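*Asks:* Numbering (the numbering used here), first residue to last: -19 to 131.
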Amino acid sequence: NKAVAAVLGGDLYQATRRSEAGSRPKGEINIEVLLQGAEKLAAVYPIPGAAARMSELRRRQQQLEANVVHYEERVARQTRELERMKGRWESGDGVADGEPMTEQPGEDASEMMTKEDLEREEEEVRELEKKKRGLEERVTGMERDLGGLMR
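As structure tokens, this is what we get:
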């Protein structure tokens, strides 16, 4: 649309086209580019409440990105710990029912875990992955909201 391209300017218009053309993984949208475009369009074609809605969407998007990063780091840390414990388990230095793990050289006593501790950690990893999926679904919903603003 030539009118939209004229309002957005060449750079921003091309940035919105690139995000649709597949430079990002399928289903991912550059929300910041969409918000910038929506703000420019709203300045030319005012829509009551659009500015407040875009500010709220930007804030939500930033919070969701921070949450996703936090949970991805947490899952990665717990996955590494689980793999380390799994290696001990398979090597025979693992945990028997309720029996504390034997301390390995270079470890302190605070790292000793029981089978129940391991099961709790695995459950926590599953819960974090579920939260991550929920956050990703919220981001997708927000992207749809932004897509509606851009139309």
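Idealized CB from N, CA, C, for every residue including glycine.
Note that the coordinates shown come from a computational prediction; the quantities given were computed from them, not determined experimentally.
1. So, at 8 Å on beta carbons, what are the nonlocal neighbours of T59 in its own chain, with the 5 sequence-adjacent residues on each side left out?
2. CB V48 to CB K112, shorter than 8 Å?
3. Express the C-alpha separation of E61 and L37 in angstroms, rounding to a whole number.
4. Rounded to whole angstroms, how far is the Cβ of L15 from the Cβ of L108, which I believe are closer than 8 Å?
5. Could you please give the first and the last residue of the uninterrupted alpha helix (DSSP H) stretch that includes N47?
6. When you compare only the Cα positions, how much space is there between E19 and I27?
7. Closest to E116 by C-alpha separation, out of Y25, V13, L(-8), Y51, would be which residue?
8. Return the Cβ separation of G17 and L44 in integer angstroms, given the expectation that the two are a contact with Cβ distance under 8 Å.
9. On a Cα-Cα basis, can you pick out the residue from V119, E63, G128, S71 that is closest to E102?
10. Using C-beta distances below 8 Å, list every residue in its chain close to E54, excluding the 5 sequence neighbours before and after it, in chain order.
11. Measuring only the C-alpha atoms, how far is L21 from A31?
12. Is G(-11) helix, strand or coil when you go by DSSP?
*Replies:* With the given structure in hand:
1. Counting only Cβ-Cβ distances below 8 Å, and skipping sequence neighbours, we find V105.
2. Result yes, Cβ atoms of V48 and K112 sit closer than 8 Å.
3. Looking at the backbone, the Cα of L37 and that of E61 are separated by about 36 Å.
4. Not a contact, Cβ separation roughly 28 Å.
5. From DSSP, the alpha helix (DSSP H) with N47 extends over 30 to 68.
6. Straight-line spacing of the CA atoms in E19 and I27 works out to 10 Å.
7. The shortest C-alpha separation from E116 is found at Y51.
8. Taking the Cβ atoms as the reference, G17 lies roughly 20 Å from L44, outside the contact range of under 8 Å.
9. Of the candidates V119, E63, G128, S71, the one whose C-alpha sits nearest the C-alpha of E102 is E63.
10. For clarity, residue 54 is Arg in the given sequence; the question names Glu instead. Excluding the 5 residues flanking it on each side, R54 has same chain C-beta neighbours closer than 8 Å at L108, in chain order.
11. In this structure, the alpha-carbon of L21 lies about 11 Å from that of A31.
12. It is coil, neither helix nor strand.
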